[in-house]
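Below is one structure, written out as structure tokens; comments come after it.
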Amino acid sequence: METYIIILLCIASFFAGFIDAIVGGGGLIQTPAALILLPNQSVASIIGTLKIPGFSGTSIATYQYLKKATVNWKLFGLMAIFSFVFAYIGSSLLNVMQNDFMKPLLFVILVLLLVYTYFKKDFGQFQVDKLTQKQIYIYAIVICVFLGFYDGFIGPGTGSLLIMAFIAILGFDFLQANIYAKLVNLATNIGSITLFVIKGKIIWSVAIPMAICNATGAWLGARLAISKGNSFIRVFFLIIVGIALLRFGYDIFIK
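As structure tokens, then:
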């Protein structure tokens, strides 16, 4: 592997970790960079390799958020189990079929997400207690089934979609949604990594230096998000969803 390629991937990984720690969506930077710079590798190998820096960065960001947030560990335990299982299933399918057919659907979802968040100014600014405990558990499991599978099968933008779902459906604010999204992302990453390690799809010479850079970016991003609060995260969220739209729009209409 050429040294300059690893350096470029590490730079992309640093910024991916920084952005992902604030509002998710780091894969929107990391994944295209890897696909461009590693053209001779299979998609499964690239996605598998990127799960390692994704996991390291999310771990660091989660540690920072846990200092400031209260977590219902029983709820997270259930979310983690379902996320792990369905991420594993999604990654298994990625090894035998293409995922391009899901991109148009995701594009429409992101358009609706961007418009809704932009016009609803108080979206995610405070917690809304609108569900019973039983409803929270049921809806949380449903979210993790769908987005756990998505993370294993496609990947980019999972963090942002989790945050959106936790705010819109469970009534969390941005900071609370962020910490649960990070915890669930850890579970989905472990599920996918387990599959890719078994299949021998991870390029460790690329994954390890990228993981170090991703973790560094995540540490900085999490500290910034915690200090700035919900309003800052909302603005950053809109920017990342806009970038996601450009990415998937290019894949669907131009590529």
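Note that our numbering has the sequence shown beginning at 81, numbered continuously upward.
Positions of the beta carbon are idealized from the N, C-alpha and C atoms, including for glycine.
**Request:** Taking the CB atoms as reference points, tell me whether residue 267 and residue 246 lie closer together than 9 Å.
**Result:** Start at 1 with the first residue of the sequence shown, and residue 267 comes out as number 187. Start at 1 with the first residue of the sequence shown, and residue 246 comes out as number 166. Not in contact: residue 267 and residue 246 (Cβ atoms no closer than 9 Å).
**Prompt:** Quick one: what does DSSP say residue 253 is sitting in, helix, strand or coil?
**Reply:** In the sequence shown, residue 253 corresponds to position 173, counting from 1. In the structure shown, residue 253 sits in coil (DSSP, three-state: anything other than H, G, I, E or B).
**Item:** Three-state secondary structure assigned by DSSP to residue 239
**Value:** Position 159 of the sequence shown holds residue 239. Helix, per DSSP.
**Prompt:** Beta-carbon separation of residue 258 and residue 97 under 9 Å?
**Reply:** Numbered from its first residue, the sequence shown carries residue 258 at position 178. Numbered from its first residue, the sequence shown carries residue 97 at position 17. In this structure, residue 97 does not lie closer than 9 Å to residue 258 by Cβ.
**Prompt:** Helix, strand or coil: which one does DSSP assign to residue 213?
**Reply:** Counting from one through the sequence shown, the residue named residue 213 turns up at place 133. The answer is helix: DSSP assigns residue 213 an H, G or I state.
**Prompt:** Okay, do the stretch 81 to 93 and the stretch 227 to 241 touch, 3+ Cβ pairs below 8 Å being the bar?
**Reply:** no
**Message:** Helix, strand or coil for residue 261? Go by DSSP, reduced to three states.
**Reply:** Position 181 of the sequence shown, counted from the start, is the residue given in the question as residue 261. Looking at residue 261 - three-state DSSP - the assignment turns out to be helix.
**Message:** Under 8 Å: do the stretch 120 to 138 and the stretch 185 to 199 share three or more Cβ pairs, one atom per stretch?
**Reply:** no
**Request:** Compute the distance between the beta-carbons of residue 163 and residue 271, then report whether it is under 9 Å.
**Result:** Against the sequence shown, residue 163 aligns to sequence position 83. Against the sequence shown, residue 271 aligns to sequence position 191. Yes. Within cutoff.
**Prompt:** Cα-Cα, which of 326, 159, 253 is closest to residue 264?
**Reply:** Position 184 of the sequence shown, counting from 1, holds the residue named residue 264. Here the closest residue by C-alpha is 159.
**Asked** Secondary structure at residue 150, three-state DSSP: helix, strand or coil?
**Response** If you number the sequence shown from 1, residue 150 lands on position 70. In the structure shown, residue 150 sits in coil (DSSP, three-state: anything other than H, G, I, E or B).
**Prompt:** Of all the options 327, 104, 216, 173, which has the alpha carbon lying nearest to the alpha carbon of residue 354?
**Reply:** Outside the displayed span of the chain (81 to 335) sits residue 354, for which this structure offers no information.
**Asked** Does the beta-carbon of residue 313 have 16 or more other beta-carbons within 10 angstroms, so that it is buried, or is it exposed?
**Response** The residue given as residue 313 occupies position 233 in the sequence shown. Classification of residue 313: buried, given that the 10 Å Cβ count is 16 or more.
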